[in-house]
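What follows is a single structure, written as structure tokens, with notes after it.
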Amino acid sequence: MKNFLLISILAMSSISALAQDGYTSLHYDISFALGNTSDFISQPSFRGVGFDYRKMVTGNVGVGISMAYHTFYERKDYDTYSFDDGVTSLSGVQFRYLNALPLHISSNYYFGEDGDQVRPYLGVGIGTLFSERRTEMGQWSSTTNSWQFSLLPEVGLLYQISSDAYLFTAAKFTTPFKNADFDSQPFLSLNIGMAWMLQ
Amino acid sequence: MLISHKNTITMIKRFLFFGLLAALVAGCYPGGAEYTDELDLVATTYNKDYAFTNSNTFAIPDKIPKIDGDLGQGEIPKFVDDATAKVILDGIKSNLTELGYTEVTTDADVVVTVAALEVTTTTVYCNDWWYGGWWGYYPGYPGYGGCYYPSAYTYSTGTIFISMVDDKLEDGIAETPLLGVWGAALNGLLQSSSSSTNIRITNALDHAFEQSPYLKTN
Numbered sequence: 032m033k034n035f036l037l038i039s040i041l042a043m044s045s046i047s048a049l050a051q052d053g054y055t056s057l058h059y060d061i062s063f064a065l066g067n068t069s070d071f072i073s074q075p076s077f078r079g080v081g082f083d084y085r086k087m088v089t090g091n092v093g094v095g096i097s098m099a100y101h102t103f104y105e106r107k108d109y110d111t112y113s114f115d116d117g118v119t120s121l122s123g124v125q126f127r128y129l130n131a132l133p134l135h136i137s138s139n140y141y142f143g144e145d146g147d148q149v150r151p152y153l154g155v156g157i158g159t160l161f162s163e164r165r166t167e168m169g170q171w172s173s174t175t176n177s178w179q180f181s182l183l184p185e186v187g188l189l190y191q192i193s194s195d196a197y198l199f200t201a202a203k204f205t206t207p208f209k210n211a212d213f214d215s216q217p218f219l220s221l222n223i224g225m226a227w228m229l230q
Numbered sequence: 003m004l005i006s007h008k009n010t011i012t013m014i015k016r017f018l019f020f021g022l023l024a025a026l027v028a029g030c031y032p033g034g035a036e037y038t039d040e041l042d043l044v045a046t047t048y049n050k051d052y053a054f055t056n057s058n059t060f061a062i063p064d065k066i067p068k069i070d071g072d073l074g075q076g077e078i079p080k081f082v083d084d085a086t087a088k089v090i091l092d093g094i095k096s097n098l099t100e101l102g103y104t105e106v107t108t109d110a111d112v113v114v115t116v117a118a119l120e121v122t123t124t125t126v127y128c129n130d131w132w133y134g135g136w137w138g139y140y141p142g143y144p145g146y147g148g149c150y151y152p153s154a155y156t157y158s159t160g161t162i163f164i165s166m167v168d169d170k171l172e173d174g175i176a177e178t179p180l181l182g183v184w185g186a187a188l189n190g191l192l193q194s195s196s197s198s199t200n201i202r203i204t205n206a207l208d209h210a211f212e213q214s215p216y217l218k219t220n
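Chains A and B supply the protein sequences, listed in that same order. Just remember that the working numbering sits 31 ahead of the position in the first sequence, which is counted from 1. Just remember that the working numbering sits 2 ahead of the position in the second sequence, which is counted from 1.
Right under this line is the structure:
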């Protein structure tokens, strides 16, 4: 009986490690430009990668960091752009880039209980978005870098596939606030990847 | 020991996964222009206080000087070859004619001048990427500080400047100083093929006048 209890406790400790420790995740991200971001680049980004770390502070609450790197790109067909009330005009093909690096401290609430194979969650992050906007036209380019205060609400799901690994999927809404350089330039990222329990 | 070995394997798997993700993102970084004409640029500006509708005639020289360093006193500038100059000048003339202007040789309302600039750029870079970051770190050690496999590429860009100045006679006297009323710059990479270059020049000229509808005269 003692052995049975011991084995049961060990087994439980294995599947409840998410609750006890937390996880790190690496994921591939697809991002969709929204609002002002889509005014600059309307094409979705298929070039994104992200990292999350969560330390479980209770059975249902985890805190940690989220960081990612997304590259948006769009080729704008030959067009004319006017400045100074139309006095100056430039025509050409534009290549637009937005490199976005969101960094957030996040807190998630995980539904379900320790040992559940599926753990959906809701969360919110607070932090910053570093972005580099570059427009290339002809042989010239114009680049603006900026740090913006940002919130990151997210919803996601962990699906346990082994004693120490999960499939990880999430939708994160990066919502930076207007600053001197840029208006808010929100985007929605869909993440899919792996999460590993902290050892 | 077994646990440590397992942890090592797990860490390797994670790094491999991360490496795959990083390679996926870095490997398909968008590259920008693929064709020469995608780098063509047309810029125009004008004097918004000027009434183009009062101008009906224009004059234009039959040669296009090359901007080629400082000219000494009495030196004759180099000129764009006649074939290319004809493409440029004919393009300007036909566009101005469409806008209602008539070419004259004397007493023109506006004079259009054209100049060309060619710039050749050579860039040297280091091929040995695996220690390219060391380049210049150890100037005292040539073996480390040099670039073992340098490469270079050269490209030439051409710019055509067009300016329009008011040359109306006021009471029989030309306005002094001449009043610049419109300007255009057409810029692009130069190609060895003159036929494709000529097509690009013609297109750029057409765009310069299309984006300047205020030039239209009565």
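All residues carry an ideal CB built from backbone N, CA and C; glycine is no exception.
Check: Top-ranked residue by Cα proximity to P215/B, from K86/A, T119/A and L221/A; Outcome: T119/A
Check: Where P184/A sits in the DSSP three-state scheme; Outcome: strand
Check: Three or more C-beta pairs below 8 Å linking the segment 166-181 of chain A and the segment 192-203 of chain A; Outcome: no
Check: Heavy atom of the ligand ATP within 6 Å of D115/A beta-carbon; Outcome: In the structure on display, the ligand ATP does not appear, and there are no ligands present to speak of.
Check: Residues of the segment 160-178 of chain A whose Cβ lies closer than 9 Å to any Cβ of chain B, in chain order; Outcome: E167, M168, G169, Q170 and W171
Check: 8 Å contact criterion, which G154/A and E185/A should meet: CB distance rounded; Outcome: 5 Å
Check: Local conformation of A187/B per DSSP, three classes; Outcome: strand
Check: Among Q125/A, P207/A and E105/A, nearest to Y112/A - alpha-carbon criterion; Outcome: Q125/A
Check: Cα-Cα separation between L198/A and L57/A, rounded to whole angstroms; Outcome: 10 Å
Check: Closest Cα partner of L219/A within the set M168/A, S62/A, F213/A and F208/A; Outcome: S62/A
Check: CB of G127/A within 7 Å of CB of T102/A, strictly; Outcome: Here residue 127/A turns out to be Arg, not Gly, going by the sequence shown. Result no, Cβ atoms of R127/A and T102/A do not sit closer than 7 Å.
Check: Identity of the residue in Y48/B, D111/B, D51/B and L119/B nearest D168/B by Cα; Outcome: D111/B
Check: C-alpha distance - S198/B paired with R106/A, whole-angstrom precision; Outcome: 23 Å
Check: Alpha-carbon to alpha-carbon, M166/B and D51/B; Outcome: 14 Å
Check: Proximal residues to K86/A (C-beta, below 7 Å), its chain only, five neighbours per side dropped; Outcome: G53, G93, V94 and G95
Check: Ordered list of beta strand (DSSP E) runs contained in the segment 57-104 of chain B, each at least 3 residues; Outcome: 59-61
Check: Member of F82/A, A202/A, S76/A and A64/A whose CA lies at the smallest distance from the CA of W227/A; Outcome: F82/A
Check: Own chain residues within Cβ distance below 6 Å of V121/B, not counting five before or after; Outcome: T159
Check: Option nearest F161/A by Cα separation, candidates R150/A, G169/A, Q170/A and W178/A; Outcome: W178/A
Check: Alpha-carbon to alpha-carbon, Y152/A and G143/A; Outcome: 9 Å
Check: I66/B and A87/B closer than 7 Å at C-beta; Outcome: yes
Check: Rounded straight-line distance, which links the Cα of G33/B to that of G134/B; Outcome: Summary for G134/B: the model assigns pLDDT 47, below 50, so the residue's position carries little reliability; its value from the coordinates is reported in the next sentence. When rounded, the distance between both Cα atoms is 22 Å.
Check: Same chain only: Cβ atoms within 6 Å of L188/B, ignoring 5 sequence neighbours per side; Outcome: V44, I162 and A206
Check: Among Q216/A, G117/A and G158/A, nearest to S69/A - alpha-carbon criterion; Outcome: Q216/A
Check: Nonlocal neighbours in the same chain, by C-beta distance under 8 Å from T55/B, ignoring five residues either side; Outcome: K218, T219 and N220
Check: Coarse secondary structure for G52/B, derived from DSSP in three states; Outcome: Strictly speaking, residue 52/B in this sequence is Tyr, with Gly absent from that position. Of the three classes helix, strand and coil, the one that applies to Y52/B here is coil, per DSSP.
Check: Opposing strand residues paired with R164/A [DSSP bridges]; Outcome: L129/A and T175/A
Check: Outcome for S97/A when other beta-carbon atoms lying within 10 angstroms are tallied against a minimum of 16; Outcome: buried
Check: Test: L121/A CB closer than 7 Å to a CB of chain B; Outcome: yes
Check: Cβ-Cβ distance between G185/B and T47/B below 7 Å; Outcome: yes
Check: Members of the segment 51-79 of chain B near chain A, C-beta cut-off 7 Å; Outcome: none
Check: Interface flag, Q193/B vs chain A, CB-CB below 7 Å; Outcome: no
Check: Beta carbon proximity, F126/A to chain B, threshold 7 Å; Outcome: yes
Check: Environment of E77/B [buried if 16+ CB atoms lie within 10 Å]; Outcome: exposed
Check: Which of helix, strand or coil DSSP assigns to L207/B; Outcome: helix
Check: Test item: CB-CB of Y141/A and R150/A under 7 Å; Outcome: yes
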